[in-house]
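In my numbering, the protein residues as written are 6 to 480.
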């Protein structure tokens with residue numbers, strides 16, 4: 006493979022240098038004893054009085070010398086201060102400053118005014134000094150090196166002979182470097198004269214009818230979400246099919262026709278097929294929607310989401326719908342790869358991905374992709390081997406290959422215990438393990454307590470009667 010062309014195509018894989026975050030402990034060397042200490046010397050009794058007399062004589066002589074030197078310095082400093090208009094110090098301070106070095110040389114000043122020497126400690130006991138970086142969260146405590154970056158770049162393949170992932174009216178094709186598959190759009194919603202800016206697509210299991218109905222009553226409700234009621238945001242469901250259960254698949258298609266808010270594809274609904282399903286989502290958002298759509302959201306059906314929380318983020322420029330970017334909860338580069346050591350569903354074989362760590366990526370339950378970014382990511386699938394870890398694959402590897410920025414947005418909780426109902430800070434999206442009843446109850450309650458962008462506008466935008474609004478909000 007041509008190295009120059011490969012590097013030109015993959016110059017986005019986390020090019021920013023990343024420092025290795027480490028915590029380490031330095032134990033200071035055992036300190037040396039200071040020269041200032043008392044030596045106990047045994048003095049013969051016959052010499053004690055003579056020694057005392059001798060010491061007194063010396064002290065008197067030293068004091069006389071000091072007094073004389075101080076007077077001389079004072080006279081000298083007075084004459085110098087007359088020549089200096091800026092001198093504001095008293096003459097005796099200047100005299101002391103002049104003589105201080107002399108006194109130190111004479112050994113008359115034994116205390117170090119500036120503290121002990123830097124290679125010594127003021128205690129006889131070793132002191133342990135702990136150095137550590139600011140507290141890291143669960144996403145940002147790993148290491149990422151130039152070797153890791155080179156490995157990720159080396160996994161990219163040219164594959165000019167392969168067709169890009171693409172779509173037609175009834176079918177679409179997804180190409181990876183090691184496998185290519187074609188799928189059908191079994192049902193797509195009818196085109197309506199709407200011009201939404203944001204398309205949120207809920208990835209839903211085909212048999213989860215009850216959860217879809219709850220989502221229709223909560224985060225999809227135009228009465229409870231101003232951005233939906235104003236037509237700026239539109240919601241759709243994306244479901245696959247159940248292998249061998251034609252009765253279930255028929256019911257799903259009937260639901261799609263009745264509600265008109267579902268995309269149904271013939272991708273089997275399994276965890277291993279999530280990358281196919283999510284790329285189907287991007288294909289639909291980028292190539293089968295009105296040009297007004299600038300932002301495509303992928304959201305799992307177990308995520309509590311408040312659509313109006315996106316409005317201030319867009320107004321402040323935190324989310325720029327004209328950029329090449331994905332937005333969500335960002336994991337820094339260096340997360341370890343599970344190469345099948347524990348049989349986990351997140352395991353990736355070394356034949357599919359040989360590197361030991363992943364690049365930066367966004368958590369899979371909720372992320373937003375600009376249309377411009379999606380139009381770059383979809384054709385790039387053919388340059389990578391298929392791996393089943395969907396969020397790493399799409400928002401990490403594929404997005405990085407084509408220079409798409411990965412941007413953290415606030416108030417996302419993508420682990421079940423990331424927050425609890427009783428906490429007070431805002432929520433934009435929360436990946437929860439709640440059952441259907443708990444999901445609806447929490448969404449309704451937290452909309453008024455933890456959604457600044459929607460709590461004050463709920464009554465204004467509610468299209469039912471005031472009594473209905475009061476009933477819904479426990480008033």
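Even for Gly, the Cβ is constructed at its ideal location relative to N, Cα and C.
- Nearest Cα to residue 355 within the set 342, 238, 349: 342.
- With distances taken between CA atoms, residue 340 lies nearest to 157 out of 161, 68, 157, 164.
- An exposed status is given to residue 453, since fewer than 16 other beta-carbon atoms sit within 10 Å of its beta-carbon.
- Only residues of its own chain outside the window of five on either side were considered, and among them 207, 306 have a CB closer than 7 Å to the CB of residue 220, listed in chain order.
- Distance between residue 361 and residue 346, taken at the CA atoms: about 13 Å.
- Here residue 303 is buried, its C-beta having at least 16 other C-beta atoms within 10 Å.
- Residue 204 is classed as buried because its beta carbon has at least 16 other beta carbons within 10 Å across all chains shown.
- Nearest Cα to residue 301 within the set 183, 327, 272: 327.
- In the three-state DSSP reduction, residue 356 falls in the coil class, being neither helix nor strand.
- Residue 363 is bridged by DSSP to nothing; it lacks a bridge partner.
- The residue among 188, 183, 215 with its C-alpha nearest the C-alpha of residue 281 is 188.
- Residue environment analysis places residue 395 among the buried positions, since at least 16 neighbouring C-beta atoms fall within 10 angstroms of its C-beta.
- By the neighbour-count criterion, in which a residue is buried when 16 or more other Cβ atoms sit within 10 angstroms of its Cβ, residue 166 is exposed.
- The criterion of a C-beta distance shorter than 8 Å is not satisfied by residue 309 and residue 174.
- Boundaries of the alpha helix (DSSP H) harbouring residue 255: 251-264, taken from the DSSP string.
- Around the Cβ of residue 276, a 10 Å sphere holds fewer than 16 other Cβ atoms; the residue is exposed.
- Taking 3 residues as the shortest admissible run, the stretch 354-435 contains the following complete beta strand (DSSP E) segments, listed from N- to C-terminal end: 366-375, 410-413.
- Here residue 63 is exposed: its Cβ has fewer than 16 other Cβ atoms, across all protein chains shown, within 10 Å.
- Counting the other Cβ atoms within 10 Å of the Cβ of residue 448 gives 16 or more, which makes it buried.
- With contacts defined as CB atoms closer than 8 Å, residue 311 and residue 456 qualify as a contacting pair.
- Cβ-Cβ separation between residue 288 and residue 383: approximately 6 Å, consistent with a contact (criterion under 8 Å).
- Around the C-beta of residue 353, 16 or more other C-beta atoms lie within 10 Å, and the residue is accordingly described as buried.
- Judged by DSSP secondary structure, residue 159 falls within the alpha helix (DSSP H) whose first and last residues are 151-159.
- Assignment of residue 167 by DSSP, reduced to helix, strand and coil, places it in the coil class.
- Excluding its 5 nearest sequence neighbours in each direction, residue 313 has C-beta neighbours in its own chain below 8 Å: 230, 231, 232, 456, 458, 459, 462, listed in chain order.
- The beta carbons of residue 389 and residue 181 sit closer together than 8 Å.
- Counting of Cβ neighbours within 10 angstroms places residue 350 among the exposed residues, the total staying below 16.
- Sequence-distant partners of residue 332 (beyond 5 residues in either direction) whose C-beta falls short of 6 Å from its own C-beta, in its chain, are 324, 373, 412, 414.
- Scanning the stretch 298-357 from its first residue to its last, the whole alpha helix (DSSP H) runs of 4-plus residues come out as 315-320.
- Taken atom to atom, the span from the alpha-carbon of residue 194 to that of residue 392 is near 30 Å.
- Residue environment: residue 264 is assigned as exposed (fewer than 16 neighbouring CB atoms within 10 Å of its CB, all protein chains considered).
- Residue 67 counts as exposed, since fewer than 16 other C-beta atoms from the protein chains shown sit within 10 angstroms of its C-beta.
- Counting only residues of its own chain and dropping the five nearest sequence neighbours on each side, residue 273 has a CB closer than 7 Å to the CB of 245, 246, 248.
- Ranked by Cα distance from residue 359, the first of 161, 73, 191 is 161.
- If you draw a straight line from the Cα of residue 298 to the Cα of residue 238, it is about 9 Å long.
- Leaving aside the five residues that flank residue 164 on each side, the residues in its chain whose CB is nearer than 7 Å to its CB run, in chain order, 182, 387, 388.
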